[in-house]
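Numbering of the sequence shown is given in this note's numbering, commencing with residue 6 and proceeding in unit increments. Beta carbons are placed, not taken as given, at the ideal position from N, Cα and C, and that holds for glycine. No experiment lies behind these values; they were computed from the predicted model shown.
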Amino acid sequence: MRYAIFSDLHGNRQAWEAALADMEALRAEVHVCLGDIVG
């Protein structure tokens with residue numbers, strides 16, 4: 006099982022889209038956010 010761990014997006018939509026594209030490319034089954042998504 007592949008895990009994708011990310012944090013500190015701070016409302017940056019481009020960063021989220023890039024991270025999501027990487028997670029999809031790596032076929033991560035579990036996405037774990039450590040926080041700081043908004044603001």
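- What is the residue span of the alpha helix (DSSP H) that residue 33 lies within? It is not in any alpha helix (DSSP H) - residue 33 carries neither H nor E in the DSSP assignment.
- First and last residue of the beta strand (DSSP E) that includes residue 10? Start and end: 8-11.
- Using a Cβ-Cβ cut-off of 7 Å (strictly less than) and excluding sequence neighbours within five positions of residue 28, which residues of its own chain qualify? Hits under 7 Å: 9 and 36.
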